[in-house]
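Residue numbers (my numbering): 289 to 529.
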């Protein structure tokens, strides 16, 4: 059982305060200014920055996102970065994540949310960050179950909507975040894991995603046009080339 120590409670309250304080700021992100900054960075160091628009959203078949890089991805934003090395091989199957398991248990087997692996995911969040989806103790778990149930029913009944289409939504940044590996692999790196797991289980055709970084080898292929037309990055708009 997760220990609800005073330190963890304090850490959770602090993390939650930062989240709430940051939300209005993220709604006012000056994308035009950030795009101009990206163009300047690309001119100065083209090897390290993509020629694609770093703040556009692309449609992706959720079945293509098979692996997660959450535990190894840098915590700071990497909007538009191209990075070499072996970071794209240290991955884990997305299907094995507790949230993904919980969605399958509920949708395919009819297991109540509170009895699925969602509890494991909630506890892990508390252990790592002191907060789990806005809650600072296991007392919030039942509320979280109701929230996930409403999310599932909304996507099932009304379809998948972009975050900016939701009341109080944040454009781009809170969409499902991915990195792209050297061979074009779409690697989940944060945000929207419940949405992605639900979309997979419902066999949706496409979900909107926001790309953080690309492997340098993939970026070279993309610039040469050596990308299959069926890959979602094939149509990613160029801003700086």
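Note that CB positions come from ideal geometry on N, CA and C, so glycine has one too.
Using a Cβ-Cβ cutoff of less than 7 Å, which residues in the same chain neighbour residue 393 once the five nearest sequence positions on both sides are dropped?
399, 404 and 405
Answer yes if the stretch 474-493 comes into contact with the stretch 323-339, meaning at least three C-beta pairs across the two stretches below 8 Å, and no otherwise.
no
Per-residue burial, residue 521 [other beta carbons within 10 Å of its own, 16 or more giving buried]:
buried
Under three-state DSSP, which class holds residue 310?
Caution applies to residue 310, whose pLDDT of 43 falls short of 50 and renders its modelled position unreliable; the model cannot decide the point.
To the nearest angstrom, how far is the alpha carbon of residue 531 from that of residue 329?
Beyond the ends of the chain as shown, which are 289 and 529, falls residue 531; an answer cannot be given.
Are there 16 or more other CB atoms within 10 angstroms of the CB of residue 356, so buried, or fewer, so exposed?
buried
Residues of its chain near residue 402, where Cβ-Cβ distance is below 8 Å and the 5 sequence neighbours each way are ignored
429, 430 and 433
Taking C-beta to C-beta, are residue 482 and residue 439 nearer than 8 Å?
yes
If you reduce the DSSP assignment to three classes, tell me which class residue 521 lands in.
helix
Would you report the Cα separation of residue 389 and residue 420, rounded to the nearest angstrom?
18 Å
Ends of the alpha helix (DSSP H) at residue 482?
481-489
Indicate whether residue 287 and residue 501 have their beta-carbon atoms separated by less than 8 Å.
Only positions 289 to 529 of the chain appear in this structure, which leaves residue 287 out of reach.
By Cβ distance, which residues of its chain are closer than 7 Å to residue 436, with the 5 residues on each side in sequence left out?
401, 406 and 482
Does the contact criterion of 3 or more C-beta pairs under 8 Å hold for the stretch 329-344 versus the stretch 465-484?
no
On the three-state DSSP scale, how would you describe residue 478?
strand
Does the Cβ-Cβ distance between residue 464 and residue 499 come in under 8 Å?
no
Going by DSSP in three states, residue 348 sits in which element: helix, strand or coil?
strand
CB contact flag (residue 347, residue 494, <8 Å):
yes
For the beta strand (DSSP E) holding residue 498, just list the boundary residues, first then last.
495-503
Could you compute how far the alpha carbon of residue 336 sits from the alpha carbon of residue 507?
10 Å
If the criterion is Cβ atoms closer than 8 Å, does the pair residue 386 and residue 354 meet it?
no
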